[in-house]
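Engineer:
Numbering (mature numbering (1 follows the signal peptide of the UniProt record, and there is no 0)), first residue to last: -19 to -1, 1 to 480.
#1: Using a Cβ cut-off of 7 Å (strictly closer), state whether residue 377 contacts chain D.
#2: Grouping DSSP H, G and I as helix and E and B as strand, with all else coil, what is residue 207?
#3: Assuming the contact rule is C-beta atoms closer than 8 Å, residue 344 and residue 307 should be a hit. Round their C-beta distance to whole Å, please.
#4: Quick one: grab the DSSP three-state call for residue 450.
#5: Around the Cβ of residue 40, are there at least 16 other Cβ atoms within 10 angstroms (buried) or fewer (exposed)?
#6: Could you tell me the distance, in whole angstroms, from the CA atom of residue 374 to the CA atom of residue 315?
#7: Note the first and the last residue of the continuous beta strand (DSSP E) segment covering residue 348.
#8: I need the boundaries of the alpha helix (DSSP H) containing residue 412, first residue and last residue.
#9: Nearest to residue 97 by CA position, among 81, 145 and 79, is which residue?
#10: Would you check if there are 3 or more beta carbon pairs closer than 8 Å linking the region 313 to 331 to the region 351 to 359?
#11: Residues bridged to residue 271 by DSSP?
#12: Got a sec? Which residues, its chain only, sit under 7 Å from residue 17 by beta carbon, not counting five neighbours each side?
#13: In the DSSP assignment, find the beta strand (DSSP E) that holds residue 64 and state where it starts and stops.
#14: Could you compute how far the alpha carbon of residue 248 sits from the alpha carbon of residue 36?
#15: Could you tell me which residues DSSP puts in a beta bridge with residue 183?
#16: How should residue 174 be labelled, buried or exposed, when 16 other C-beta atoms within 10 angstroms of its C-beta is the threshold for buried?
#17: Exposed or buried, what is residue 241 when buried is set at 16 or more other beta-carbons lying within 10 Å of its beta-carbon?
#18: For residue 225, count neighbouring Cβ atoms within 10 angstroms of its own Cβ and tell me buried if that reaches 16, exposed if not.
#19: Comparing C-alpha positions only, which one of 269, 455 and 368 sits nearest to residue 310?
#20: Going straight from the alpha carbon of residue 221 to that of residue 86, what length do you get?
#21: Excluding the 5 residues preceding and the 5 following residue 289 in the sequence, name in chain order all residues of the same chain whose CB lies nearer than 8 Å to its CB.
#22: What first and last residue would you give for the alpha helix (DSSP H) that runs through residue 441?
#23: So which of 280, 421 and 159 has the shortest CA-CA distance to residue 267?
#24: According to the Cβ coordinates, are residue 66 and residue 120 closer than 7 Å?
#25: Does the Cβ-Cβ distance between residue 245 and residue 45 come in under 7 Å?
#26: Quick check on the burial criterion: 16 or more other C-beta atoms within 10 angstroms. Buried or exposed for residue 106?
#27: Among residues of its own chain, excluding the 5 on either side of residue 94, which ones have a beta-carbon nearer than 7 Å to its beta-carbon?
#28: Can you find a heavy atom of the ligand NAP that lies under 6 Å from the Cβ of residue 289?
#29: Is the beta carbon of residue 160 closer than 7 Å to that of residue 405?
#30: Can you look up residue 194 in the DSSP assignment and give me helix, strand or coil?
#31: Checking 7 Å against the spacing of the C-beta atoms, do residue 273 and residue 285 come in under that value?
#32: So for residue 321, helix, strand or coil by DSSP?
#33: With 16 other CB atoms within 10 Å as the buried threshold, where does residue 70 fall?
#34: Let me check understanding here. Comparing Cα to Cα, which of 397, 302, 294 and 276 lies closest to residue 332?
#35: Return the first residue and the last residue of the beta strand (DSSP E) that residue 336 is part of.
#36: For residue 55, I'd like the list of residues in its chain whose CB is within less than 6 Å of its CB, leaving aside the five on either flank, ordered along the chain.
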């Protein structure tokens, strides 16, 4: 399933993360006998569980708990190899924010067999490319290689996953790279900083209040052993999944996974203690004055999260209706916000957007309204316009034509995504992270087809009161203040190139 997040591109700076990769020779060893089993059944020693196996998708679980998901796609002689680990910034503790992302960087800095930086060089030698990413509830690593090099790449990925090691000096050097990454992507980007502060204000208890990259004060005090401890806690085969999409055969991929990961023992994982966010009982507002040419406003409403696709609850169906509402407001050219706010001689916005974000593991959902005022207009005027657009749906509802257009476009985007092996692999990995069925995208579309105009109108009436609202405004600072802020943000930057 697509990660259910449709936040405005003008407001969120996408985090790009460091990466790397490596290799050995292809080897297709026959897998151990596979036995069909339910997804919740504990495998007997030495047995492989077959959770699903068809000509188009296979899903296995090794005796040590590692899951292997394979989707054949024979249109090109390439393969995507992804390793997903079910841990991210929500598993951190205060004082060590950013450690999940730091560890992602350190995974490229050595193992029992590879020196720092050698992983990516070996991937390139195989004719491949690689990268990695960290989010609130997952960390992922991937390589795209010729399919006949899949075994080589999987051997290298398994080596660093199971035997990551590096000297303290390497950690200290990489930490400076991460600090500079924070400066470039957040501290020097007013809109990214605004969103970071919005999340820290909207959530007072939930771990989602912390930025994935970490607070700078935590980066200044984190130690090499903090990263090693996080690695030992969460990087275990029973907390990970290998996802492969490409010109491959499922049983051959299973054999590779058994060979490279099968000997690693399962470990007892820490209990995840996620803090429940208390009910918000009044509006929250923040103003950020920073170097910006235009003001920006973001409004975030607390809403239900979509967590159960098999037997959706009333809240799940409300979450689906909110997804539809977001698309009706800004999901296509000429949608409601576009027509009402950004067009004509009396337009009040250069851009206006709506979107939803659901924390499946935390159970928290947010509905965003955002925009940039037109020249001569204010954030207050745009806020009024955004509110009026939602109120119009609450008062008058939506048309069947609007609803069908949203469903048609969502379905089409799903079909187009299948053209990319990377999109297919990312979708499967995301579904696994959220403990959703692997066909969650198709199931979501089925459920969206059941949404009615009346349900969309009902959520527009129910969830847009001020008690659950957080408003964040970016206002341009005075020219002299902008100069001093920029100097302050760069004063601690290390010398040398940013990697």
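Cβ coordinates follow ideal geometry from the N, Cα and C atoms, glycine included. Remember, it's a predicted structure, so these values are computed and weren't measured experimentally.
Structural biologist: A quick look at the data gives this:
#1: As a matter of chain content, chain D is missing from the structure shown, which is built from one protein chain.
#2: helix
#3: Actually they do not touch by this definition, with Cβ atoms about 19 Å apart.
#4: strand
#5: buried
#6: 16 Å
#7: 345 to 354
#8: Unbroken alpha helix (DSSP H) run through residue 412: 402 to 414.
#9: Per the Cα distances, 145.
#10: yes
#11: 457
#12: Reliability of the predicted coordinates at residue 17 is poor, the pLDDT of 38 falling under 50, and no value is obtained from them.
#13: Start and end: 59 to 66.
#14: C-alpha separation (whole angstroms): 33 Å.
#15: Answer by DSSP bridge pairing: none, since residue 183 is not bridged.
#16: buried
#17: buried
#18: buried
#19: Measuring from the Cα of residue 310, the nearest candidate turns out to be 368.
#20: Within the model, the alpha-carbon separation for residue 221 versus residue 86 is close to 18 Å.
#21: 297
#22: 434 to 443
#23: Per the C-alpha coordinates, the member of 280, 421 and 159 positioned closest to residue 267 is 280.
#24: yes
#25: At the C-beta level, residue 245 and residue 45 come within 7 Å of one another.
#26: exposed
#27: 140
#28: Annotation note on the ligand NAP: not contained in the displayed structure, which lists no ligands.
#29: no
#30: coil
#31: No, Cβ-Cβ distance for residue 273 and residue 285 is not below 7 Å.
#32: helix
#33: buried
#34: 276
#35: 330 to 340
#36: 228
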